[in-house]
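Notes for the one structure printed next.
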Amino acid sequence: MKVSYNKLWKLLIDKKIKKTDLIREVKISPNTLAKLGKDKFVKMETISKIALYLGVQISDITNIE
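With this note's numbering, letter number 32 in the sequence shown gets 76, and the count goes up by one each step, no holes.
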């Protein structure tokens, strides 16, 4: 199984949200952001917080193949 967060990065660009803003507002660590950048699995709680902050569904920010 493989995960991709390409939808998340596009959404951040579309909403003009910087990655540093995401870290601060969602209260995630820079290490977690690095994992997202490398398409590694992170806790579902973290994905849920990001989706809630952005006002989207989890499926709008991630793909699992």
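Yeah, the Cβ is synthetic: ideal placement off N, Cα and C, and Gly gets one too. Just so you know, these numbers come straight off a predicted model, no measurement behind them.
Quiz item: Could you give the uninterrupted runs of the beta strand (DSSP E) lying entirely in the stretch 50 to 104, keeping only those of 3 residues or more?
Solution: For the stretch 50 to 104, not one full-length beta strand (DSSP E) segment reaches 3 residues or more.
Practice problem: Would you check whether the ligand HEM has a heavy atom nearer than 7 Å to the C-beta of A78? | Solution: No copy of the ligand HEM occurs in the structure displayed, which carries no ligand at all.
Quiz item: Among the residues of its own chain, which have a CB less than 8 Å from the CB of K59, if the five just before and after it don't count?
Solution: For the purposes of this step, residue 59 is identified with residue 15 of the sequence shown, where counting begins at 1. Result list for K59: L98, in chain order.
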